[in-house]
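> I'd like to ask you about the structure that follows.
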Amino acid sequence: ASASSTARSSQVALHGDFLPLPTQLAFTSSPHRIKAYIGAMGSGKTRILCHTSLDLLTRLPGSRGVIGRYTLKDFKRTTLESLNRVLDTIPEIVERQLPQGEGWDLRTTDPDRPSRLWTAHYDEPGAYASMGLGLWAIDEVNGDDLSPSVPEAVFNMLDARLGRDQEPTLKPYGLMGGNPGGHNWPWRLCHPA
């Protein structure tokens, strides 16, 4: 999705009073199983990744999701701060915070079946290799001047976990956000020949 438009959409709000840009709205409402929001710095990639992850998990009762960046340091520096700011605006969706900041149990449309969102860093992907996931999200998939790109092997591992051990009627999603990175693996994934 391009992030060049600055006009805000007044048609859809994702939990709370957040009104996405038209490009953010196109990303979050896309029916595709794998979605990528690639744009320039300041285009709201991390924020829409957080909002979309939370929105999908609250509509998929009993699901498990993971959101992260390649290194723990970068995750804490950027993604986690954005995620906490988003959650501060919509505290009603949090049922409880997991110990040691590992994530949250989220209220869903079924009060007896919360969903869980774990925080992650993907430089140790083996930690997620045995999980069944209803959602995964990779922030800064293409890296930036300060941090490395996420290897395609991490995407492949997460994608293989998508939908496993989940209720078959629930559609799983993989989400990515990042800066333009040339004709690398995320570009090839979204632009098949």
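Mapping of the sequence shown onto this note's numbering: position 190 corresponds to residue 1221, and the numbering continues sequentially without gaps.
By construction, the Cβ of each residue, glycine as well, lies at the ideal position given by its N, Cα and C atoms.
All values reported here derive from a predicted model rather than from experimental measurement.
Enumerated in chain order, which unbroken segments of the alpha helix (DSSP H) with a length of 4 residues or greater are wholly contained in the stretch 1155 to 1207?
Segments of the alpha helix (DSSP H) lying fully in the stretch 1155 to 1207: 1183 to 1192.
> So, is residue 1203 buried or exposed, given that buried needs 16 or more other C-beta atoms within 10 angstroms?
Start at 1 with the first residue of the sequence shown, and residue 1203 comes out as number 172. Buried, by the Cβ-count rule.
> Alpha carbons only, please: which of 1070, 1049, 1081 is nearest the one belonging to residue 1218?
The residue labelled residue 1218 in the question sits at position 187 within the sequence shown. Answer by Cα proximity: 1070.
> Shortest alpha-carbon distance to residue 1078 belongs to which of 1154, 1062, 1114?
Translated into positions along the sequence shown, residue 1078 becomes position 47. Here the closest residue by C-alpha is 1114.
> Pull up the DSSP beta-bridge partners for residue 1068, would you.
On the sequence shown, position 37 is the one that residue 1068 refers to. DSSP, once it has assigned bridges, lists 1208 as partnering residue 1068.
> For residue 1081 versus residue 1125, is the C-beta distance shorter than 8 Å?
For this step, residue 1081 is matched to residue 50 along the sequence shown. For this step, residue 1125 is matched to residue 94 along the sequence shown. Going by C-beta atoms, residue 1081 is not nearer than 8 Å to residue 1125.
> Measuring alpha carbon to alpha carbon, tell me which of 1179, 1208, 1131 ends up nearest residue 1054.
Here residue 1054 refers to the residue found at position 23 of the sequence shown. Considering only alpha carbons, the answer is 1208.
> Just how far apart, CA to CA, sit residue 1121 and residue 1086?
As a working mapping, residue 1121 is identified with position 90 in the sequence shown. As a working mapping, residue 1086 is identified with position 55 in the sequence shown. Computed Cα separation, rounded: 11 Å.
> Helix, strand or coil for residue 1148? Go by DSSP, reduced to three states.
On the sequence shown, position 117 is the one that residue 1148 refers to. Strand at residue 1148.
> Is DSSP giving residue 1114 helix, strand or coil here?
Within the sequence shown, the letter at position 83 stands for residue 1114. Correct three-state label for residue 1114: helix.
> Would you report the Cα separation of residue 1212 and residue 1173, rounded to the nearest angstrom?
What you label residue 1212 is simply residue 181 of the sequence shown in a count that begins at 1. What you label residue 1173 is simply residue 142 of the sequence shown in a count that begins at 1. Looking at the two C-alpha atoms, the distance is approximately 6 Å.
> Could you give the residue range of the alpha helix (DSSP H) that holds residue 1079?
Within the sequence shown, the letter at position 48 stands for residue 1079. 1076 to 1090 is the extent of the alpha helix (DSSP H) around residue 1079.
> List the DSSP bridge partners of residue 1137.
Position 106 of the sequence shown, counted from the start, is the residue given in the question as residue 1137. DSSP lists 1125, 1146 as partners of residue 1137.
> Is residue 1164 closer than 8 Å to residue 1192 when the C-beta atoms are compared?
Position 161 of the sequence shown, counted from the start, is the residue given in the question as residue 1192. Position 133 of the sequence shown, counted from the start, is the residue given in the question as residue 1164. Contact: yes.
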